[in-house]
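Contents: one structure, followed by commentary.
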Amino acid sequence: MKPYSCPGHERSLTQIKFNPEGDLLFSCSKDHVINVWFTHNGERLGTYDGHNGTVWTLDVDSQSRFLVSGSADNTMRLWSVQTGKCLYRWEFPTAVKRVAFSDEDDQIVCITEQRMGHQGAVRIFSVNREDDGTNQPKEPTSMFHPVGSKATLCAFAHTPNLILMGHESGKVALFDAKTGEEVLSNERAHMDLVTDLQLSPDRSYFITSSKDKTARLHETRTLTVLKTYSTETPLNSAAIARGKPYVLLGGGQDAMSVTTTSLRQGKFETRFWHKVFEEEVGRVKGHFGPINTIAVSPKGDCFASGGEDGFVRVHHFDESYFRVKPYGDLEIED
Amino acid sequence: MAPNGVNGVNGVHDDDEEIDYSDIEAKYQVQYEEGFDNILVVDGVPVIDKSKLSRLLDKIAKEFSRKGASIKSDDISVPWDDSTGKSKGFVFVEFKNSNDAMFALNAMHGHPFDARHTFLVNRFTDIERYANLDETYAEPEPEEYKPKEHLRAWLGDSQGRDQYATYRGDEVEIHWQGKPSQCEVAFTRPNWTDLYVSWSPLGTYLATLHRQGVQLWGGTSWAKQQRFAHPMVKLIDFSPNETYIVTWSHDPIVVPEGAQQGPQFFSPEDEGNNIAVWDTMTGNLLRTFPAIYPEGEDTKKQMQWPALKWSADDKFVGRVTPGQQISVYELPSMGLQGKKSIKIDGVVDFEWCPLGDKDREDAEAEAKANGAKSTKKPKENMLAYWTPEVANQPARVTLMNFPGRAILRQKNLFNVTECKLFWQNQGDFLCVKVDRHTKTKKSIFCNLEIFRVREKDFPVEVVELKDAVTDFSWEPKGERFALISSNDPNLGNPGPGVTIKTDVSFYQLVRGKGDFKLLRTLPGRTSNTVRWSPRGRHVVLATIGSSSKSELEFWDLDFNYDDIGRRDGPSKEEWGSGIQHLGTADHYAVTDAEWDPSGRYLATSASAWRHTLENGYAVWDFRGQELEKHILDRFKQFLWRPRPRSLLTKEQQRQIRRNLKEYSRQFEEEDAAEESNISAELIAQRKRLVDEWNAWRARVKEEVAEERRQRGKTVDVDSEKEPEESKEEMELWVDEVIEETEEEVAE
Numbered sequence: 014m015k016p017y018s019c020p021g022h023e024r025s026l027t028q029i030k031f032n033p034e035g036d037l038l039f040s041c042s043k044d045h046v047i048n049v050w051f052t053h054n055g056e057r058l059g060t061y062d063g064h065n066g067t068v069w070t071l072d073v074d075s076q077s078r079f080l081v082s083g084s085a086d087n088t089m090r091l092w093s094v095q096t097g098k099c100l101y102r103w104e105f106p107t108a109v110k111r112v113a114f115s116d117e118d119d120q121i122v123c124i125t126e127q128r129m130g131h132q133g134a135v136r137i138f139s140v141n142r143e144d145d146g147t148n149q150p151k152e153p154t155s156m157f158h159p160v161g162s163k164a165t166l167c168a169f170a171h172t173p174n175l176i177l178m179g180h181e182s183g184k185v186a187l188f189d190a191k192t193g194e195e196v197l198s199n200e201r202a203h204m205d206l207v208t209d210l211q212l213s214p215d216r217s218y219f220i221t222s223s224k225d226k227t228a229r230l231h232e233t234r235t236l237t238v239l240k241t242y243s244t245e246t247p248l249n250s251a252a253i254a255r256g257k258p259y260v261l262l263g264g265g266q267d268a269m270s271v272t273t274t275s276l277r278q279g280k281f282e283t284r285f286w287h288k289v290f291e292e293e294v295g296r297v298k299g300h301f302g303p304i305n306t307i308a309v310s311p312k313g314d315c316f317a318s319g320g321e322d323g324f325v326r327v328h329h330f331d332e333s334y335f336r337v338k339p340y341g342d343l344e345i346e347d
Numbered sequence: 168m169a170p171n172g173v174n175g176v177n178g179v180h181d182d183d184e185e186i187d188y189s190d191i192e193a194k195y196q197v198q199y200e201e202g203f204d205n206i207l208v209v210d211g212v213p214v215i216d217k218s219k220l221s222r223l224l225d226k227i228a229k230e231f232s233r234k235g236a237s238i239k240s241d242d243i244s245v246p247w248d249d250s251t252g253k254s255k256g257f258v259f260v261e262f263k264n265s266n267d268a269m270f271a272l273n274a275m276h277g278h279p280f281d282a283r284h285t286f287l288v289n290r291f292t293d294i295e296r297y298a299n300l301d302e303t304y305a306e307p308e309p310e311e312y313k314p315k316e317h318l319r320a321w322l323g324d325s326q327g328r329d330q331y332a333t334y335r336g337d338e339v340e341i342h343w344q345g346k347p348s349q350c351e352v353a354f355t356r357p358n359w360t361d362l363y364v365s366w367s368p369l370g371t372y373l374a375t376l377h378r379q380g381v382q383l384w385g386g387t388s389w390a391k392q393q394r395f396a397h398p399m400v401k402l403i404d405f406s407p408n409e410t411y412i413v414t415w416s417h418d419p420i421v422v423p424e425g426a427q428q429g430p431q432f433f434s435p436e437d438e439g440n441n442i443a444v445w446d447t448m449t450g451n452l453l454r455t456f457p458a459i460y461p462e463g464e465d466t467k468k469q470m471q472w473p474a475l476k477w478s479a480d481d482k483f484v485g486r487v488t489p490g491q492q493i494s495v496y497e498l499p500s501m502g503l504q505g506k507k508s509i510k511i512d513g514v515v516d517f518e519w520c521p522l523g524d525k526d527r528e529d530a531e532a533e534a535k536a537n538g539a540k541s542t543k544k545p546k547e548n549m550l551a552y553w554t555p556e557v558a559n560q561p562a563r564v565t566l567m568n569f570p571g572r573a574i575l576r577q578k579n580l581f582n583v584t585e586c587k588l589f590w591q592n593q594g595d596f597l598c599v600k601v602d603r604h605t606k607t608k609k610s611i612f613c614n615l616e617i618f619r620v621r622e623k624d625f626p627v628e629v630v631e632l633k634d635a636v637t638d639f640s641w642e643p644k645g646e647r648f649a650l651i652s653s654n655d656p657n658l659g660n661p662g663p664g665v666t667i668k669t670d671v672s673f674y675q676l677v678r679g680k681g682d683f684k685l686l687r688t689l690p691g692r693t694s695n696t697v698r699w700s701p702r703g704r705h706v707v708l709a710t711i712g713s714s715s716k717s718e719l720e721f722w723d724l725d726f727n728y729d730d731i732g733r734r735d736g737p738s739k740e741e742w743g744s745g746i747q748h749l750g751t752a753d754h755y756a757v758t759d760a761e762w763d764p765s766g767r768y769l770a771t772s773a774s775a776w777r778h779t780l781e782n783g784y785a786v787w788d789f790r791g792q793e794l795e796k797h798i799l800d801r802f803k804q805f806l807w808r809p810r811p812r813s814l815l816t817k818e819q820q821r822q823i824r825r826n827l828k829e830y831s832r833q834f835e836e837e838d839a840a841e842e843s844n845i846s847a848e849l850i851a852q853r854k855r856l857v858d859e860w861n862a863w864r865a866r867v868k869e870e871v872a873e874e875r876r877q878r879g880k881t882v883d884v885d886s887e888k889e890p891e892e893s894k895e896e897m898e899l900w901v902d903e904v905i906e907e908t909e910e911e912v913a914e
């Protein structure tokens with residue numbers, strides 16, 4: 014499995030994402046730029062320029078038409094995937110930490126940071142897909158301030174009227190998209206900051222990673238913990254493999270203490286764990302800093318990781334990955 | 168004083184009177200003694216009539232006052248027998264308080280008043296109490312017999328497993344170590360210890376250290392076995408047969424007022440001491456000592472521990488006062504043996520000779536014969552000590568027997584900087600590692616002076632080496648030793664990232680000739696630690712405590728020989744050829760390496776006491792194959808549970824070795840059966856997990872479909888088809904990539 018190492022960012026990666034066809038990979042970083050890469054050879058297709066601060070987050074719609082990004086320059090922008098043009102920008106009082114499209118691409122949810130006297134807020138915008146996309150409603154269709162611990166992550170749950178959120182305290186909760194009421198919560202989902210939250214394709218379950226060194230699989234409807242993957246290092250990202258019963262975990266020591274330890278100490282590897290048996294299956298090395306974000310191609314043929322070191326690495330699975338059956342002939346539903 | 172001031176005071180006074188203090192007064196009112204504790208009854212007073220009364224009272228008062236219990240004749244009241252008009256022969260004496268009465272009681276009881284009369288003094292309250300005592304005999308209830316757990320129950324484990332203790336965070340765990348399927352946690356208890364844990368040398372007890380003292384645990388349920396109240400204890404040391412335990416605390420012993428008294432507690436004489444010796448069985452305190460700290464400017468040098476050195480049979484314990492003497496105490500009385508210490512000018516250190524298996528058998532036979540005339544006199548204890556060069560005297564190593572105190576052998580040494588005494592564990596050889604300096608005192612080299620203790624006149628063999636030796640160790644029960652030498656210029660000034668280059672050498676005794684010959688040298692190593700398997704033959708070389716290197720090398724020194732006949736030693740042509748490298752392993756940031764008592768496993772650990780990198784432990788087999796590895800943050804301690812000596816006789820052990828094939832077949836069968844069992848279990852377990860998961864997925868999929876239908880969408884069918892289509896598409900992509908690369912090459 015020879016990876017493509019993509020050196021297009023000057024600072025650490027914040028989030029990467031495949032489009033639904035898996036041929037394009039979008040990445041954003043602290044260097045203010047969003048890049049798009051060809052998955053099959055790791056070449057850069059283009060950039061989306063315009064943000065004046067760390068781009069914390071991005072998401073692409075299911076038709077690869079629109080890209081939405083959130084940044085520390087207090088804006089959320091809508092881009093045309095094809096042309097790289099900024100179609101629309103929303104301004105907020107604080108930085109945007111997470112954005113996500115809904116299942117049907119008609120809504121965007123975003124979280125703005127709690128800072129400088131402003132409360133953290135969750136806003137939901139409806140997307141006008143009719144014309145060229147420059148004409149978007151300025152005001153959100155709904156907005157609410159989740160109380161309690163700072164919210165850091167959000168996504169549409171199995172139904173578009175519920176928002177799934179991850180919190181700094183380790184809490185995972187479901188909020189009503191209209192009223193902003195907390196419908197359901199699991200306060201002790203993690204013992205520390207939830208760092209990533211990725212849903213299964215049908216949004217019926219999701220994986221979270223946390224600084225408490227564990228990743229967990231939850232059922233979306235009930236928020237019950239299905240599986241726990243305990244590692245020996247703080248985790249920054251977790252993704253669910255497609256077609257194979259694995260989950261991918263990435264992390265490593267805190268960036269600030271990296272220089273004081275050796276490379277092997279840092280554990281900057283992508284770990285593969287068996288989704289059902291909760292056993293570690295293997296590791297993929299390569300980064301020389303903590304892994305900040307992991308994405309799996311929706312086709313299941315490759316995965317990519319973005320590190321604190323500024324590199325995006327795209328790994329295409331070898332043929333043997335699809336052929337071997339390390340656990341025998343057990344049929345496991347995706 | 169200004170009038171208004173006076174007024175003010177008066178005013179306050181007035182207020183004072185208005186307040187009702189009765190409750191406070193009641194609370195703080197001094198309680199006067201109302202009992203009869205201050206009255207003594209003095210019996211044995213001459214019977215007199217009234218005329219002699221005043222003379223008698225004066226005499227009694229005088230007698231009392233002479234002993235320091237001053238009374239007046241008014242304090243004495245004399246009861247009279249009205250019928251005879253004479254006194255009854257006893258008097259009551261009243262004192263100011265009960266303390267005075269106590270004193271007088273102790274002073275005057277049994278005091279001869281005159282030739283025929285002796286005072287018998289009792290407290291008045293006691294007389295009353297004893298007079299009212301119920302005289303009928305009540306049979307004491309026999310205490311119910313509670314069967315105690317066998318303290319060595321772990322040896323009866325049917326699978327022959329060894330145990331080890333781990334200490335991580337606040338949690339102490341006892342594990343079983345055997346075949347992979349048999350490893351399990353035997354016992355766990357949070358907050359079991361405050362400092363660390365320690366096994367007794369035969370594995371019977373687990374000692375935990377607390378602020379209040381040491382606690383011993385044992386048996387299958389790990390119940391409390393004994394406690395030793397030595398506050399702020401920091402170090403402990405058991406005697407070789409675990410009959411006694413020595414504790415040390417940095418804080419001198421203080422006996423506060425009202426502290427518990429008894430044989431198990433410190434008494435006021437012990438105040439100021441740091442070291443205490445206890446009996447393990449009874450928990451009784453035997454004796455305390457002050458700690459001897461190295462004197463002078465060399466304060467960096469740590470206190471020597473163990474501070475007390477035990478003879479192998481637990482009969483004596485010795486303690487060196489550097490430069491002056493060795494004091495040996497007898498047990499169990501803990502009195503100085505022969506009432507005097509062994510005065511040796513300049514003595515630095517000493518070591519007892521360990522007992523060999525043979526010595527032990529002899530001692531046991533002796534014990535059995537018990538009184539009947541035994542043919543052989545049991546071997547006396549022996550100790551070795553060394554003295555440095557002083558004035559014109561050369562340095563000396565001396566062998567002395569004990570308690571005979573006869574000097575058996577003395578060897579003079581020159582240009583000595585430092586000596587270290589290493590006994591082989593059977594007491595067959597004593598190696599004195601002598602660090603010598605050249606005349607200019609610029610460089611240091613090393614001589615090994617090896618005493619063959621079992622032979623007549625204790626012949627000494629010298630092995631001269633060019634380099635400094637950093638580590639030396641005898642093969643247990645063997646005639647070989649390993650040493651690590653180094654001529655690295657960085658030796659002696661360690662710095663971060665500095666790895667010292669070392670050579671590892673093995674030597675063996677040449678039978679008959681009686682000298683030690685080099686078997687083989689392994690040059691250019693970084694190893695700084697040698698760990699022999701407790702059964703000999705296997706040895707591990709480790710690089711410990713280095714930040715960049717952490718290699719473990721596993722060696723076999725008898726690779727060519729079968730276990731049975733290996734004691735014959737190699738013939739000349741194959742000298743050194745039996746040394747075989749078995750494997751190399753690496754445990755990052757390792758701080759400790761220890762063989763299990765059976766020599767089957769090696770455990771390495773990285774303790775959080777030293778650093779915080781990848782703490783945890785690993786277990787290897789003797790070939791260097793990793794069996795287990797656990798990375799656990801806050802991991803502190805790994806300790807194998809020692810085993811007591813085998814109860815089998817030499818003959819029985821030989822028998823077993825002869826029939827080894829028979830046994831191994833049996834074990835192999837067991838292994839095979841178990842393996843298939845385990846894998847079946849594992850498969851079943853996985854099957855169950857998968858079934859659970861699939862059932863859950865099926866249910867959830869239905870729910871998702873239902874929900875979509877409710878929302879008025881019919882994506883269900885599409886989503887079923889989609890994956891197949893996408894799979895086809897993926898194959899197409901792969902094709903295209905290959906074509907592209909080919910085109911590029913063509914260009």
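Sequences listed follow chains Y and L, in order.
Count the first sequence with this note's numbering and you get residues 14 to 347, in order.
Count the second sequence with this note's numbering and you get residues 168 to 914, in order.
The beta carbon of each residue, even a glycine, is placed where N, CA and C say it ideally should be.
Once DSSP output is grouped into helix, strand and coil, what is the label at Gln-591 of chain L?
coil
Can you list the residues of chain L that Val-294 of chain Y reaches, using a CB-CB cut of under 8 Å?
The premise fails here: Val-294 of chain Y is roughly 13 Å from chain L at the closest Cβ pair, so nothing lies under 8 Å.
Other residues of its chain near Thr-856 of chain L: CB distance less than 7 Å, five sequence neighbours each side excluded
According to the sequence displayed, residue 856 of chain L carries Leu and not Thr. Taken in chain order, the list of residues that qualify is empty.
Could you confirm whether any beta carbon from chain Y is found closer than 8 Å to the beta carbon of Lys-606 of chain L?
no
Please identify, using Cβ separations under 9 Å, the residues of the segment 798-820 of chain L that lie next to chain Y, in order along the chain.
Ile-798, Leu-799, Asp-800
Quick one: which chain L residues come within Cβ less than 9 Å of Ser-217 of chain Y?
Arg-864, Val-867, Lys-868, Glu-870, Val-871
Which word fits Arg-876 of chain L, buried or exposed, when buried means at least 16 other C-beta atoms lie within 10 angstroms of its C-beta?
exposed
Listed in chain order, which residues of the segment 240-266 of chain Y have Cβ atoms closer than 7 Å to some Cβ of chain L?
Glu-245
Counting only runs of 3+ residues fully inside the segment 266-301 of chain L, write out the beta strand (DSSP E) ranges in chain order.
287-290
The segment 162-176 of chain Y: positions lying closer than 9 Å to chain L by Cβ:
His-171, Thr-172, Pro-173
Any C-beta of chain L under 8 Å from that of Ile-345 of chain Y
yes
Val-882 of chain L to Glu-874 of chain L span [Cα, whole Å]:
Model confidence at Val-882 of chain L stands at a pLDDT of 49, short of 50, so the residue's coordinates are unreliable and nothing is read from them.
Determine the extent of the beta strand (DSSP E) in which Ala-851 of chain L is found, giving its start and end residues.
No beta strand (DSSP E) holds Ala-851 of chain L; the alpha helix (DSSP H) holding it covers 827-877.
Any beta carbon from chain Y within less than 8 Å of Asn-844 of chain L's own beta carbon?
no
Asp-404 of chain L to Arg-234 of chain Y, Cα distance in whole Å?
60 Å
Beta-carbon separation of Asp-116 of chain Y and Arg-216 of chain Y under 8 Å?
yes
Is Glu-891 of chain L close to chain Y? Criterion is C-beta to C-beta, closer than 8 Å.
Model confidence at Glu-891 of chain L stands at a pLDDT of 46, short of 50, so the residue's coordinates are unreliable; what they give is reported in the following sentence. No, no contact with chain Y.
Can you tell me which of the three DSSP states Asp-602 of chain L falls into?
strand
Quick one: residues in its chain with C-beta nearer than 7 Å to the C-beta of Arg-572 of chain L, no 5 flanking neighbours on either side, listed in chain order?
Ile-509
What does Val-857 of chain L touch in chain Y if you count any residue whose Cβ is under 7 Å from its own?
Val-289, Leu-343, Ile-345
Just to confirm before moving on: does the CB-CB distance between Phe-290 of chain Y and Ser-18 of chain Y stay below 8 Å?
no
CB contact flag (Trp-445 of chain L, Trp-477 of chain L, <8 Å)
no
Since Tyr-340 of chain Y meets chain L, which of its residues come closer than 7 Å, beta carbon to beta carbon?
Arg-853
Spatially closest choice to Ser-84 of chain Y from Y:Val-46, Y:Arg-142, Y:Arg-57, by CA coordinates
Y:Val-46
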